[in-house]
Every structure is written in C-alpha cells, then in structure tokens.
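So the sequence shown is numbered by this note's numbering: it starts at 91 and just counts up by one.
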Amino acid sequence: MFHTPNLVGMKKKYVPKRINEGWGLQHMKLYGVDDEIILSGANLSNDYFTNRLDRYHVFQSKELAEYYSQIHHAICRFSFQVLPDPKSKQGYVMNWPVTNAGPSPLDDPEDFISAASISLSKLIQPPTAQGVLTSMADNQTYVYPVAQFTPILKPDQSTEFPAVTSILSTLASSPMLKNSRWLFTAGYFNMHPVLSSLLISSTTPSPDSPSSQGTVLTASPWANGFYGSPGVSGMLPAAYTHLSARFLDRVAESQRTNSIELKEWRKGTVNEPGGWTYHAKGLWVTLPNEKYPSLTFVGSSNYTKRSYGLDLEVGAVIVTTDNSLKERLGQETEWLQADSKPISREDLRKVERRVSWNVRLAMWIVERVGGAL
C-alpha cells in the first residue's frame with residue numbers, strides 16, 4: 091500500500107481520513123494478464139461493474155505489458171506491505187519491508203523521495219537515442235506511455251503533463267491544426283488551470299459559428315460519486331459546480347462561448363434505483379476535415395492540480411492513422427455523451443445550482459493547507 095510523503099507529521103494527525111486523499115495517493119489503474127494490459131480510470135469496486143461509467147482500453151502487446159509491469163513493481167518497492175493481524179483493531183498492520191528500495195515516507199520523507207527519484211526517473215524517461223517521428227504511414231498506431239510521479243520525483247521528470255500541454259499548445263499555435271476539434275472529459279471537473287487556458291486558446295472566437303470546436307464533458311452533481319455523502323465530502327459536487335461556472339466565465343471572457351460547449355452527464359440519481367455515476371476521463375483530438383479522432387489520452391489522470399502535483403498517475407497517448415480504430419474512438423466519444431446535455435452559465439446561476447459560502451470556504455481551506463480536489 092503506497093503512502094504519500096506529502097501527508098506526514100501534523101497533517102497526517104489532524105487531516106480527517108474522509109478527505110485525506112486530497113493530499114495525494116496512488117491513483118494508477120493497471121490490469122495486466124500475460125501479454126495484455128488494460129489501462130483505465132476504474133477501480134475494481136462493485137460500482138464499476140454495475141452502475142459507474144468509465145473507460146477501459148485493452149492493449150495486446152508483450153512490450154507494453156512488460157513496461158507497465160515494471161512500473162507496478164517499482165512502485166511496490168516504495169510501498170507498505172499489508173499483513174493480517176487479528177489483534178489489531180483494523181485487522182491488519184502495515185509493514186515496511188527491509189528489502190524496499192528506500193526508507194518509509196513516514197520516517198524520512200526526503201530520503202524516500204530521493205530513492206524513488208533514482209529508481210523511477212530512468213523508467214519513465216524515453217531513451218535518449220529515440221528518433222523523432224515526422225510522419226506516419228496509413229493504418230499505423232503508436233502508443234506512448236506517460237506517467238506523473240511529481241510527489242516522489244526530484245527533479246520532476248514526469249511525462250504526462252508535458253505531453254498533454256505540448257499537444258494542446260500545438261493545437262493552439264499551429265495554423266494547420268486551426269480547425270481541429272476536441273473532447274475533454276473528467277468525472278470531477280477541476281482541470282489544471284494551464285490545461286483550461288490551453289483548451290480555450292486552441293479554439294477560434296466565432297460568435298456566429300453553428301457548431302463548437304471543443305466539448306467539455308463532466309458529471310452532473312447527481313452523477314457524482316460524492317453526491318449525498320455525509321460531512322465535508324458531501325460538499326464536493328457543489329464545489330465542482332462552482333469550478334464549472336468559473337470555467338464558463340473564462341470561456342465567455344475569451345469570446346469563445348460558441349466555440350466551447352460544456353456538457354453534464356446524468357443517468358438517474360446516485361444512490362437511487364437506476365442511478366449511475368460518471369467517472370470517465372480522457373482527451374480526444376480530431377484533425378481538420380476528418381470525422382473521427384486520431385489521438386486520445388487514456389489512463390488514470392483526472393487532469394487536475396492534484397493529478398499533476400500530488401497523485402501517482404499512469405496512462406498512454408494513442409496516435410493513429412488506422413481508419414477502423416479512429417472510427418471506434420469516435421464511437422467511444424458518442425456513447426460517452428449519450429446521456430449528457432449542454433449546460434450554460436445561466437443554468438449554473440439558477441437557485442438550485444447556487445454554491446453556498448461554506449463550500450467556497452472549505453475549498454479555500456483545503457488549498458491553504460496543501461491539499462487539492
């Protein structure tokens with residue numbers, strides 16, 4: 091069991107367990123069998139097999155399966171071993187094996203980070219002799235593994251945030267890609283401010299445009315896994331509504347209201363019969379004059395400040411010229427949006443969607459003490 095070096099000492103003692111994940115956790119989702127690996131944002135809890143929507147991409151590749159296996163084993167060497175203990179109140183104890191690659195983060199956070207940096211940086215950095223891809227033949231697909239291990243790397247050599255910002259920067263700056271379209275989704279709407287700026291700048295101000303260039307898809311409060319939760323965590327759906335409203339305000343300030351559309355996904359109401367939650371995350375890019383996406387990100391990241399500053403994340407960038415795969419990626423974007431509807435600034439200003447002062451105060455306190463949504 092991985093423990094972040096960011097939650098130690100007084101923070102570990104006083105931060106409530108119900109929200110302490112806001113200080114960072116192991117968020118990777120990897121499911122490997124033989125020469126196959128599944129990349130997903132889903133856990134293996136019952137919800138994902140019954141009433142929670144997410145993405146699952148299966149790769150049949152010995153090389154990819156072995157690579158992600160190395161990532162898995164490397165993180166295990168910096169994690170606690172959970173052992174049964176009938177005498178313990180919890181029924182288990184957490185043991186730090188002497189064979190681990192560094193000290194416990196609870197005993198020596200700095201040395202823990204130093205040891206992890208040495209072990210992990212060589213795994214996630216591409217080979218220096220690797221050539222640059224300048225063109226792709228028809229029916230080719232490339233998979234680029236990416237990882238974000240910011241809390242345990244000094245210097246930070248993570249690859250996911252640089253990859254997604256590089257792609258979005260290219261969309262925003264290249265004349266050849268000016269009319270590209272994109273879909274961005276995350277179950278918890280709290281995208282990193284750099285990403286939101288790049289998504290906005292990648293579209294063209296077009297007050298008379300009949301269709302949008304960019305679509306942001308997120309869970310409605312009634313499809314959020316924290317909806318109706320007791321205590322502080324029950325404030326999270328309203329907090330995400332507040333962040334959605336702020337994003338739409340930024341879109342309006344940039345005069346791109348017709349270029350970017352925000353959609354909320356809802357299928358019933360959480361914790362009621364037939365109610366589903368939404369947990370999908372990803373980015374799809376469709377090139378100019380094409381019908382289906384040629385690029386997608388898949389993996390565990392929610393694309394938030396927490397994802398890129400506090401959590402451990404892993405995923406892949408898929409780039410393809412294969413028409414069959416592009417069509418399937420297009421179908422994926424369609425069924426993800428099937429139970430969604432557009433949401434405007436006016437919708438979020440309605441009485442039933444207003445965010446109370448205590449939610450805003452709680453958001454401010456979490457950020458001030460080093461956490462993130």
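Note that beta-carbon positions come from the ideal geometry of N, C-alpha and C, so glycine has one too.
| Asked | Found |
| --- | --- |
| Reduced DSSP category for V123 - H, G, I as helix; E, B as strand; rest coil | strand |
| Residue closest to L129, alpha-carbon to alpha-carbon, out of N136, V409, Q150 | Q150 |
| G450 vs A335 beta-carbon contact at 9 Å | Here residue 450 turns out to be Arg, not Gly, going by the sequence shown. No. |
| Proximity below 9 Å, CB of S169 to CB of N190 | yes |
| Proximal residues to Y121 (C-beta, below 6 Å), its chain only, five neighbours per side dropped | I128 |
| Burial state of G321, where buried means 16 or more other Cβ atoms lie within 10 Å | exposed |
| Cβ contact check for the stretch 407-425 and the stretch 309-320: 3 or more pairs under 8 Å | no |
| Three-state secondary structure assigned by DSSP to M91 | coil |
| Stretch-stretch touch, CB-based, cutoff 8 Å, three pairs: the stretch 110-126 with the stretch 174-181 | no |
| R356, DSSP secondary structure in three states | coil |
| Inter-residue Cα distance where the pair is F239 and Y393 | 13 Å |
| Start-to-end residues for the beta strand (DSSP E) that takes in H162 | It is not in any beta strand (DSSP E) - H162 instead sits in the alpha helix (DSSP H) that spans 152-166. |
| H93 vs S209 beta-carbon contact at 9 Å | no |
| Cβ neighbour criterion (16 or more within 10 Å) applied to G372 | buried |
| Rounded C-alpha distance that separates H147 from E403 | 16 Å |
| 9 Å Cβ cutoff met for A309 and F279 | yes |
| Contained alpha helix (DSSP H) runs [length at least 4] in the stretch 169-248, N- to C-terminal order | 199-214 |
| Closest by C-alpha distance to F274, when choosing among L377, A328, K353, K212 | K353 |
| Buried/exposed call for R346, threshold 16 Cβ in 10 Å | buried |
| Coarse secondary structure for R443, derived from DSSP in three states | helix |
| Cβ contact (3+ pairs, closer than 8 Å) linking the stretch 368-387 and the stretch 418-429 | yes |
| Under the three-state DSSP convention, the category R396 falls into | helix |
| Alpha-carbon to alpha-carbon, D437 and L288 | 25 Å |
| contact_flag[the stretch 366-380, the stretch 258-269] where n(CB pairs < 8 Å) is 3 or more | yes |
| Residue burial classification, L134 (beta-carbon count within 10 angstroms, cutoff 16) | exposed |
| DSSP three-state assignment for A132, whether helix, strand or coil | coil |
| Contact test: T359 Cβ vs the ligand SAH heavy atom, cutoff 8 Å | The ligand SAH is not part of the structure shown, which contains no ligands of any sort. |
| Member of H332, W272, P245, K244 whose CA lies at the smallest distance from the CA of I257 | W272 |
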